[in-house]
Amino acid sequence: MRLPSKMTKQEIDKVVEDTIIEMGLEDCANTKIGNWHLRGISNGEKKRLSIGLEILTQPFVLLLDEPTSGLDSASAFYVIQALSNIAFKGKIVICSIHQPGSETFNIFDDLLLLSNGETVYFGEAKMALKVFHVLPKEILQIISL
1 MRLPSKMTKQ EIDKVVEDTI IEMGLEDCAN TKIGNWHLRG ISNGEKKRLS
51 IGLEILTQPF VLLLDEPTSG LDSASAFYVI QALSNIAFKG KIVICSIHQP
101 GSETFNIFDD LLLLSNGETV YFGEAKMALK VFHVLPKEIL QIISL
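Following this line, the structure appears as structure tokens:
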């Protein structure tokens, strides 16, 4: 693992246990990840595990490229909710995401909306609805363009 070498086993165990809880992985903590032959954990759990492994390194900034790709809407929501909880604790979390569901979109604090590489909007995610004079579901259509 990439934890400081000065950490005791008890400190490492605490950091790992806290991360398991933070990422909502308690139910599968003792489950094998799996492979083509063994089912193991779900895709959503794999995404959260991957993010959790990075959290163990205690970075100042988490930069994630499409952390919800390939996930169903419920799993995507859970991943973004976990990232929101991490941000609430003072970490900087930046992620790119395409076509978020409305529940997932509502979790975001800030939004940088690009079109052809140009900034169309930057600010509070909820304010984008007012700026574009659209209803919550319509902003998702704009974001999907």
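The UniProt record's numbering applies: residue 1 is where the sequence shown begins, and numbers increase by one. Cβ coordinates follow ideal geometry from the N, Cα and C atoms, glycine included.
Give every residue of the same chain whose Cβ lies closer than 8 angstroms to the Cβ of residue i, excluding the five residues on either side of it in the sequence, and list them in chain order.
i           : result
residue 77  : 101, 103, 104 and 107
residue 40  : 31, 32, 33 and 34
residue 87  : 93 and 109
residue 123 : 110, 111 and 131
For residue i, count neighbouring C-beta atoms within 10 Å of its own C-beta (all shown protein chains included) and say buried if the count is 16 or more, exposed if not.
i           : result
residue 29  : exposed
residue 4   : exposed
residue 74  : exposed
residue 47  : buried
residue 51  : buried
residue 17  : exposed
residue 19  : buried
residue 21  : exposed
residue 127 : exposed
For residue i and residue j, I'd like the C-alpha separation in whole angstroms.
i           : j           : result
residue 33  : residue 132 : 43 angstroms
residue 125 : residue 113 : 10 angstroms
residue 83  : residue 14  : 20 angstroms
residue 98  : residue 9   : 40 angstroms
residue 91  : residue 57  : 12 angstroms
residue 119 : residue 54  : 29 angstroms
residue 130 : residue 117 : 23 angstroms
residue 115 : residue 121 : 9 angstroms
residue 89  : residue 60  : 11 angstroms
residue 27  : residue 38  : 18 angstroms
residue 23  : residue 85  : 9 angstroms
residue 42  : residue 36  : 13 angstroms
Which residues in the same chain as residue i place their Cβ atom closer than 7 angstroms to its Cβ, once the five residues preceding and following it in sequence are excluded?
i          : result
residue 12 : 3
residue 80 : 68, 104 and 107
With DSSP as the reference, identify every bridge partner of residue i, one or two as the case may be.
i           : result
residue 92  : 61
residue 122 : 112
Quick one: measure Cβ to Cβ for residue i and residue j, integer angstroms, because I've assumed they're closer than 8 angstroms.
i          : j          : result
residue 62 : residue 44 : In fact, because the Cβ distance is near 17 angstroms, the residues do not count as touching under 8 angstroms.
residue 64 : residue 49 : Between residue 49 and residue 64 the Cβ distance is about 14 angstroms, and since that is not below 8 angstroms, they are no contact.
Ignore the nearest five residues each way along the sequence and tell me which others in residue i's own chain have a CB closer than 6 angstroms to its CB.
i          : result
residue 96 : 65 and 66
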